[in-house]
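Read top to bottom, the protein sequences are chains A and B. Per this note's numbering, the first sequence starts with residue 1301, numbered consecutively. Per this note's numbering, the second sequence starts with residue 1301, numbered consecutively. C-beta atoms are modelled at their ideal positions from N, C-alpha and C, and glycine is treated no differently.
Number of protein chains: 2
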Amino acid sequence: MKERSKPSDLEQELAHYKLLPLFPEPLRAHLTFCNFGEGDLICSQGEMPAYLYVLVKGKIKVYTTSEEGNTLILSFLTPIEVIGDIEYIQGIPIMNTVEAVTPVRMIRVPFRSVNEFGRDHAPLLRFLLKIIAEKFQRKSSSLSFNLLHSVEARLASYLLSVCYDKNDVQFEGHVSLASLKDTANLIGTSYRHLNRVLKKLSAEGLIKRDKGFLQILDREGLRLVAGDNMYE
Amino acid sequence: MKERSKPSDLEQELAHYKLLPLFPEPLRAHLTFCNFGEGDLICSQGEMPAYLYVLVKGKIKVYTTSEEGNTLILSFLTPIEVIGDIEYIQGIPIMNTVEAVTPVRMIRVPFRSVNEFGRDHAPLLRFLLKIIAEKFQRKSSSLSFNLLHSVEARLASYLLSVCYDKNDVQFEGHVSLASLKDTANLIGTSYRHLNRVLKKLSAEGLIKRDKGFLQILDREGLRLVAGDNMYE
DNA sequence: CCGTTCTGAGGACATATGTCCTATCCTCTT
DNA sequence: AAGAGGATAGGACATATGTCCTCAGAACGG
């Protein structure tokens, strides 16, 4: 899962992602590239974090679990993105669980090293500012989306997001319903209501339900139902 | 509304708020202290911003207006807080309208000056990171609050927030209902439903409705209804 | 002072969503 | 193969919230 390359390789890859200027020379020795497979957890809510992760390839899912055990999806993220930034800055436990949706490649940076070699490195600070400002904006629209749109729209949006990955044409239109209950929690509704809405979408011919899988029949129709797409 | 002090005064006041290290020497000449009265708009959604504001005294209200004309309250802020940071970083128009709830004092910093003298000043960048990370966290809980709590809880929370200001014991427990419709928009519900909930709270003896004003009768009861208080 | 208009409160109804419960089906054990 | 246990879909009902409409009182012009 982890991987240490020769410095020259590392710098080359950093440069490829245009991330080289972020890390001052002495910090680079503390970077590690990590790969995760589909479904792997990158970090778990409640733990004390020790690393900043920079997502450079693949797609990850961020969700939170409430005291009552409800899971609420917060976002899907694609490169370039950072995990652990808020926690690093605030010095708090990990707020959300992060899971790989596709094969994922990340740069791992220990907090200690950032403190030691990056605290005064303006390009890194500005990069983080940019990333967090974007996160904030996304969170804002997410709030509006949830306040303004129905479960139906959110479900449609979710299905589109899960089934189609721009970089992964495989399995297009299939969703495993391994646990529909999880799916319900993910979009912030009850299992019961999810069923209702699924049935409605089926009746409208947008999707087909089949033996633990969902098949998307009418992508454009779904997109219409989704309105703004919040999860992408 | 604006005020330019002698440099020594300015530095003294900055020091008083512990903000002196944020601004490198050459940037200080471009700072202005501004005062706003209750109800004054500090900035308006959609405009192109030109200043960063640092709130050092008083209380402000942040809200957004949707295309359909609905107003949604986003937060109440108290010192130390920054306005315009996201817009500065992203280079976008002002996302939300900001209004003084009490008399307010702010430090105004032109974007140009930040670009010129602050871009590489790590203390300022770290300060902004801290502020935005906090905003992000608050936005997160706001999202949960809205998703998890009813209009009733949100209304109670709102009333508590509007009526009681820690630094302002005047008018405790009074809310002007100048425009109940605005209030409805502020907590993200319809006017009709707001009325229902007000009636219910009245029936429970928590508040009294009287000729365009609301009187809070049972603060603790309200707090109970509010659950987590999101607006403070 | 009267009719007109306007605004705010509330009634009636529709819709969205949550909660609880049940029937069905599948799997696993014995 | 029969029974137990769990998972899943859906029925019945309750609650929260939105939409539309009406009525009464305030404001206002003539």
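- Contact check for A/Glu1399 against A/Asp1482 fails: the beta carbons are separated by 8 Å or more.
- Membership of A/Tyr1317 in any alpha helix (DSSP H) is not indicated, and neither H nor E is assigned to it by DSSP.
- The DSSP assignment places complete alpha helix (DSSP H) segments of no fewer than 4 residues inside the region 1388-1430 of chain A at 1411-1417, in order along the chain.
- The C-beta of A/Ser1440 comes closer than 8 Å to at least one C-beta of chain B.
- The Cβ neighbour count for A/Asn1415, taken over all protein chains shown within 10 Å, is under 16; the residue is labelled exposed.
- Scanning chain B for C-beta atoms nearer than 8 Å to the C-beta of A/Leu1447 yields Leu1372, Asn1446 and Gly1488, reported in chain order.
- Assigned with DSSP and collapsed to three states, B/Lys1481 falls in helix.
- Within chain B, no residue has its beta carbon less than 8 Å from that of A/Leu1327; the closest one is some 14 Å off.
- Under the three-state reduction of DSSP output, A/Gln1437 falls in the helix class.
- Contacts between B/Ile1432 and chain A, judged by CB atoms closer than 8 Å, involve Leu1429, Ile1432, Ala1433 and Phe1436 in chain order.
- For A/Lys1499, the uninterrupted alpha helix (DSSP H) run begins and ends at Tyr1491 to Ala1503, by DSSP.
- Of the residues A/Val1356, A/Thr1378, A/Ala1329 and A/Asp1385, the one whose Cα lies closest to the Cα of A/Leu1424 is A/Asp1385.
- Among the residues facing chain A, B/Arg1426 is included, as its CB has a counterpart in that chain under 8 Å away.
- Looking at the DSSP output, B/Val1462 shares a beta bridge with no other residue.
- Interface annotation, B/Asp1420: in contact with chain A, CB-CB separation under 8 Å.
- A direct Cα-to-Cα measurement between A/Ala1350 and B/His1493 gives close to 47 Å.
- Apart from sequence neighbours up to five positions away, the residues of its chain that approach A/Lys1500 with a beta-carbon distance below 8 Å are Glu1452, ordered along the chain.
- Per DSSP, the continuous beta strand (DSSP E) segment holding A/Glu1381 begins and ends at Glu1381 to Ile1383.
- In the three-state reduction of the DSSP assignment, A/Asn1446 falls in the helix class.
- Using a Cβ-Cβ cut-off of 8 Å, A/Leu1443 counts as an interface residue toward chain B, since at least one Cβ of chain B sits closer than that to its own.
- When Cβ pairs closer than 8 Å are counted between the two stretches, the region 1429-1441 of chain B is seen to touch the region 1430-1444 of chain A, the count reaching three or more.
- Closest option to B/Ser1375, judged by alpha-carbon separation, among B/Lys1357, B/Phe1336, B/Thr1397 and B/Gln1390: B/Thr1397.
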